[in-house]
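To keep things clear, I will list the structure first and then write my remarks on it.
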Amino acid sequence: MIELLILTIVMALIFDFLNGFHDSANAISTIVATRVMTPMQAVSMAAVGNLIGPLLFTTAIAATIGKGIIDTSAIQAILPQETFIVMILAALVGAIVWNIITWYFGIPVSSSHALIGGLIGAATVAVGPQVLLVSGITSVVIFIVVSPLLGFISAFLLSLVFMRVFRKTSPQKINRWFKKLQIVSAFFYSVTHGTNDAQKTMGIITILLVAGGFLTVFDVPLWVILACHISICLGTWLGGWRIVKTMAHKITQLRPYQGFCAETAGGVVLVQMAHMGIPVSTTHAIAGAIMGVGSTKNPKSVRWGLSKNIMMAWVITIPFSAIVAGVSFLVLHLFV
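Residue numbers (UniProt numbering): 1 to 336.
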């Protein structure tokens, strides 16, 4: 059983690594698009931001993932210990498969929602839909719409404010000022991204430690916090350049002040959600913000056809991951 537990924790850290690899575009796409930093400089800065996140925020999102999506206490009362761990392993497989597929095609989707879909699918097949916590899942589904909308509106309004304030300033001066400010906003977004996304894996590993008897209550240990942030930091540093290209160049063309507005607005949304313990998608928040700043000059400057395809991928993330996780549980259960 110990070997299975260790394997599943390792898989959770692999998922966290892929989360950083897949979602590096969230933190660096705008600063790469505006040529404020080279891709390697940007991804190195983002990796540092992801690493220091746990020093500034609580683990409320980890608790939501660990206790707010599926009723882990009820499941542990029904399933043998090893079968419960296999269920978590299957959930991770579902999330990892979706991350790899969408990375290959350069589609910016939510690793967080892939993990939530994995938990839903594996738990439903292992025990039944009665262990799903409807209120928690409903909150996640609602914020599939709300988080990009908040990012869009916040970035749109912030861009309009700057356009009004600096309307008589030369473009050269504006670019010079905001190239410096964008470094700050990109780092801020990187910190909030790491804090938000790494917490999901913290919740999974803490569930496993409780199931294995290493913890008596759901309380995220320090080593889990550090391990998850190091994993997502390494993934971010290596960077998923296919998705960076989509976010940085294909949705819309950005200027430095727009990049600053997108990062600042997206980061503020993530801070609010982290304090509320709501596991939203960092991808959704920054993509909505990029669309928002692109719409200020001319709505036609946003490639809405591509944006529509991205949003369709957002919609199918949870069901696809759930199906893969459910099938994975059935297969893995044959061998354990």
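The C-beta atom is built at its ideal place from N, Cα and C for all residues, glycine as well. Just so we're clear, the structure is a prediction, and the values are computed from it rather than from any experiment.
Please state whether DSSP places residue i in a helix, a strand or coil.
i: isoleucine 69; result: coil
i: leucine 149; result: helix
i: glycine 106; result: coil
i: aspartate 219; result: coil
i: phenylalanine 329; result: helix
i: valine 336; result: coil
i: proline 39; result: helix
i: phenylalanine 214; result: coil
i: leucine 92; result: helix
i: threonine 64; result: helix
i: threonine 317; result: helix
i: arginine 164; result: helix
i: methionine 1; result: coil
i: proline 299; result: helix
i: threonine 8; result: helix
i: threonine 34; result: coil
Alpha carbon to alpha carbon, what distance is there between residue j and residue i?
i: isoleucine 116; j: lysine 168; result: 48 Å
i: leucine 181; j: serine 170; result: 17 Å
i: threonine 38; j: valine 32; result: 6 Å
i: valine 331; j: serine 295; result: 47 Å
i: glycine 213; j: leucine 160; result: 54 Å
i: leucine 4; j: methionine 11; result: 10 Å
i: glutamine 76; j: isoleucine 85; result: 10 Å
i: isoleucine 9; j: isoleucine 28; result: 28 Å
i: alanine 90; j: lysine 300; result: 43 Å
i: leucine 334; j: methionine 1; result: 15 Å
i: valine 146; j: threonine 83; result: 36 Å
i: serine 112; j: serine 321; result: 11 Å
i: glycine 267; j: phenylalanine 260; result: 11 Å
i: valine 336; j: aspartate 219; result: 28 Å
i: valine 97; j: phenylalanine 166; result: 46 Å
i: threonine 34; j: alanine 155; result: 16 Å
i: valine 324; j: histidine 275; result: 31 Å
i: valine 36; j: leucine 132; result: 45 Å
i: leucine 209; j: isoleucine 65; result: 14 Å
i: leucine 238; j: isoleucine 286; result: 20 Å
i: phenylalanine 143; j: arginine 164; result: 31 Å
i: phenylalanine 187; j: valine 127; result: 43 Å
i: serine 185; j: isoleucine 137; result: 31 Å
i: alanine 63; j: alanine 95; result: 19 Å
i: glutamine 172; j: arginine 255; result: 11 Å
Locate the alpha helix (DSSP H) running through residue i, then write down its first and last residues.
i: phenylalanine 260; result: 256–276
i: aspartate 197; result: 171–211
i: glutamine 130; result: Careful: glutamine 130 lies outside any alpha helix (DSSP H) and carries neither H nor E.
i: leucine 115; result: 111–126
i: serine 281; result: Where serine 281 is concerned, there is no enclosing alpha helix (DSSP H), given that its DSSP letter is neither H nor E.
Does any C-beta atom of chain B lie closer than 7 Å to the C-beta of residue i?
i: leucine 226; result: This model lacks chain B altogether; it includes just one protein chain.
Determine contact between the region 176–191 and the region 307–319, defined as no fewer than three beta-carbon pairs at a distance below 8 Å.
-> Not touching, per the Cβ criterion.
For the 8 Å Cβ check, are there 3 or more pairs between the region 269–280 and the region 190–201?
-> Enough Cβ pairs lie closer than 8 Å, so yes.
Stretch-stretch touch, CB-based, cutoff 8 Å, three pairs: the region 141–156 with the region 228–236 = No contact exists between the region 141–156 and the region 228–236.
Is there contact between the region 117–136 and the region 64–76, where contact requires at least three CB pairs shorter than 8 Å?
-> Cβ pair count under 8 Å is three or more, so yes.
Is there contact here, the region 98–114 with the region 34–49, by at least three beta-carbon pairs under 8 Å?
-> In this structure the region 98–114 does not touch the region 34–49; the number of beta carbon pairs closer than 8 Å is below three.
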